[in-house]
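Each remark here refers to the structure printed beneath this line.
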Amino acid sequence: MRTPAFGWRDYWRMLTSGRPWLPWRYFREAHAFDLRRGTDTHARIPKADFGAEPPGFAEGTFYMASWTSEIDWAFRETRTLLGEDFDAFAFVDVGCGKGKAVLRWTELRAAAGSAQRVHGLDYHAPLVAIARRNHEKLFGNPGFLSAEGAETFDFAPLGGRVLCYLYNPFGAGLMRRFLTRLRELDVVLIYNHPAEEATLREMGYVALRTKRGDCPNAHTVIYANRRQPAN
Ligand SMILES: C[S@@+](CC[C@H](N)C(=O)[O-])C[C@H]1O[C@@H](n2cnc3c(N)ncnc32)[C@H](O)[C@@H]1O
Numbered sequence: 390m391r392t393p394a395f396g397w398r399d400y401w402r403m404l405t406s407g408r409p410w411l412p413w414r415y416f417r418e419a420h421a422f423d424l425r426r427g428t429d430t431h432a433r434i435p436k437a438d439f440g441a442e443p444p445g446f447a448e449g450t451f452y453m454a455s456w457t458s459e460i461d462w463a464f465r466e467t468r469t470l471l472g473e474d475f476d477a478f479a480f481v482d483v484g485c486g487k488g489k490a491v492l493r494w495t496e497l498r499a500a501a502g503s504a505q506r507v508h509g510l511d512y513h514a515p516l517v518a519i520a521r522r523n524h525e526k527l528f529g530n531p532g533f534l535s536a537e538g539a540e541t542f543d544f545a546p547l548g549g550r551v552l553c554y555l556y557n558p559f560g561a562g563l564m565r566r567f568l569t570r571l572r573e574l575d576v577v578l579i580y581n582h583p584a585e586e587a588t589l590r591e592m593g594y595v596a597l598r599t600k601r602g603d604c605p606n607a608h609t610v611i612y613a614n615r616r617q618p619a620n
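Here my numbering = 1-based position in the sequence shown + 389.
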């Protein structure tokens, strides 16, 4: 995998992209996370730089880290939503990339005194290697981060309840196959940049909370397959 350097040119590209607010937003929501912690999550990896192509590559998106405030919002909302059941759900970032959501979720979980299990999987092994290094740096261990695809990761050992985190990892066909695999489980699903919302609804998922921002990265919906919609 090629890891392109990140620098002022990238900020210039953002500034001249027609969204003058983007450089500051990017700094606050992505770059600052790494500067504070010494981790490597914020620089995106286009698909052309992935190198070896894992199975299902054509249906996958490129790597880009979730914005910090989206993860924070999702944590607060799912804690409120699930109440005392929260810890019984295993958190799984499906398409974890360099591990940003896993790292932030683990910090928030510790601050809240929660014992929830936290996992991440990505079909591209070099990204998972970076995620493990980041986890080791912050928490002293490589975490539960697997080089596995959404179609092969074994959810059975996690018990019947999963809290999936997806930041627009793949298209409609794979989303349908992935949700079919989870059919027997009690699923709460955090969907950041929910490009395949229609597929979730078609598969019987109900939106319980919605945060609408001014761009796709700031749009997150929390769905579930076995819960009632919020009033
Ligand atoms: C937009 S990035 C999200 C990264 C991370 N979840 C975050 O929020 O910071 C999407 C990720 O999904 C991964 N991905 C795409 N298709 C996948 C698949 N079939 N199985 C597992 N991971 C996949 C890509 O490698 C990429 O790292």
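Note that beta-carbon positions come from the ideal geometry of N, C-alpha and C, so glycine has one too.
- Residue environment for residue 396: exposed (fewer than 16 other C-beta atoms within 10 angstroms of its C-beta).
- DSSP places residue 458 in the uninterrupted alpha helix (DSSP H) bounded by 457-471.
- With contacts defined as CB atoms closer than 7 Å, residue 511 and residue 553 fail to qualify as a contacting pair.
- Contact annotation: residue 600 and residue 462 have beta-carbon atoms nearer than 7 Å.
- In the DSSP assignment, residue 482 forms a beta bridge with 509, 554.
- Secondary structure of residue 575 (DSSP, three-state): strand.
- DSSP places residue 519 inside the alpha helix (DSSP H), whose first and last residues are 514-528.
- Taking C-alpha positions only, residue 581 is separated from residue 482 by approximately 11 Å.
- Beyond the five residues adjoining it in sequence on each side, residue 477 comes within less than 7 Å, by CB distance, of 550 in the same chain, given in chain order.
- Counting along the chain, no alpha helix (DSSP H) covers residue 450, and no H or E run does either.
- Closest in C-alpha terms to residue 584, from the list 533, 394, 606, 569, comes 606.
- Here residue 569 carries a helix assignment [DSSP, helix/strand/coil].
- Membership of residue 446 in any alpha helix (DSSP H) is not indicated, and neither H nor E is assigned to it by DSSP.
- Placement of the Cβ of residue 485 at a distance of less than 6 Å from at least one heavy atom of ligand 1 is found.
- A distance criterion of 6 Å places the beta-carbon of residue 482 in contact range of ligand 1, judged by its closest non-hydrogen atom.
- In this structure, residue 559 sits near residue 449, with a CB-CB distance shorter than 7 Å.
- By the Cβ rule, the segment 503-523 counts as touching the segment 533-542, because three or more pairs are nearer than 8 Å.
- Excluding sequence positions up to five before and after residue 440, its CB lies within less than 8 Å of the CB of 390, 391, 515, all in the same chain and listed in chain order.
- Under the DSSP assignment, residue 609 falls in the beta strand (DSSP E) whose first and last residues are 609-613.
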